Amino acid sequence: YGKSIKGDQPGALYQDILAGVQFLQAQVGINRITVLGASMGGAAASKASVYSAPQSIDQLILLSPASVYQPEKLKGDLLFIASKDEYLAKALRSAYNQAPKPKKIQLIAGSAHAQHIFKTPEAEALTTIILNFLDE
Numbered sequence: 049y050g051k052s053i054k055g056d057q058p059g060a061l062y063q064d065i066l067a068g069v070q071f072l073q074a075q076v077g078i079n080r081i082t083v084l085g086a087s088m089g090g091a092a093a094s095k096a097s098v099y100s101a102p103q104s105i106d107q108l109i110l111l112s113p114a115s116v117y118q119p120e121k122l123k124g125d126l127l128f129i130a131s132k133d134e135y136l137a138k139a140l141r142s143a144y145n146q147a148p149k150p151k152k153i154q155l156i157a158g159s160a161h162a163q164h165i166f167k168t169p170e171a172e173a174l175t176t177i178i179l180n181f182l183d184e
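Numbering (this note's numbering), first residue to last: 49 to 184.
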């Protein structure tokens with residue numbers, strides 16, 4: 049975490065996600081694709097959703113995304129998650145309000161950001177929220 053080499057096009061991270069989605073679509077036996085992104089990965093995942101082909105991403109999980117790209121254009125079943133007291137919770141609520149249905153929002157106790165929630169007492173609750181959404 050945090051030790052990768054910085055690319056020369058940080059705004060193009062979403063293209064890597066789209067390439068992954070296209071790869072999965074070409075595989076035999078894969079009939080459902082979920083994208084989960086946390087923090088900067090959440091921002092990239094939201095942008096990938098907007099630029100994805102219709103019905104290519106079935107579920108999108110945004111865990112404390114650094115930003116949400118054009119929330120009104122997100123595709124798939126949407127799950128927004130953040131800690132109630134973290135600095136991005138207000139922006140997440142705003143993006144959620146702009147996003148199309150079907151959508152859910154879960155605000156978890158505490159102030160931990162994104163993947164750091166897994167290091168808190170709320171880790172089990174977060175895991176349950178994600179697994180339940182995947183089962184829908």
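For every residue, glycine included, the Cβ atom is placed at its ideal position computed from N, Cα and C.
Note that the structure is predicted; figures quoted are calculated from it, not measured.
{"Asked": "Backbone secondary structure at V98 - three-state DSSP", "Found": "helix"}
{"Asked": "Residues of its chain near S104, where Cβ-Cβ distance is below 6 Å and the 5 sequence neighbours each way are ignored", "Found": "V69"}
{"Asked": "Reduced DSSP category for Q63 - H, G, I as helix; E, B as strand; rest coil", "Found": "helix"}
{"Asked": "Contact the segment 102-116 vs the segment 86-93: 3+ CB pairs below 8 Å", "Found": "yes"}
{"Asked": "Residue from T82, A67, I78 and H164 whose Cα sits closest to the Cα of F181", "Found": "T82"}
{"Asked": "Same chain only: Cβ atoms within 6 Å of Q163, ignoring 5 sequence neighbours per side", "Found": "A86"}
{"Asked": "Nearest neighbour of A173, chosen from G124, S131 and L108 [CA to CA]", "Found": "S131"}
{"Asked": "Status (buried if at least 16 other CB within 10 Å, exposed otherwise) for A96", "Found": "buried"}
{"Asked": "Within 7 Å, strictly: CB atoms of F166 and Y144", "Found": "no"}
{"Asked": "Identity of the residue in K152, K151, A171 and I153 nearest A160 by Cα", "Found": "A171"}
{"Asked": "Under the three-state DSSP convention, the category T168 falls into", "Found": "coil"}
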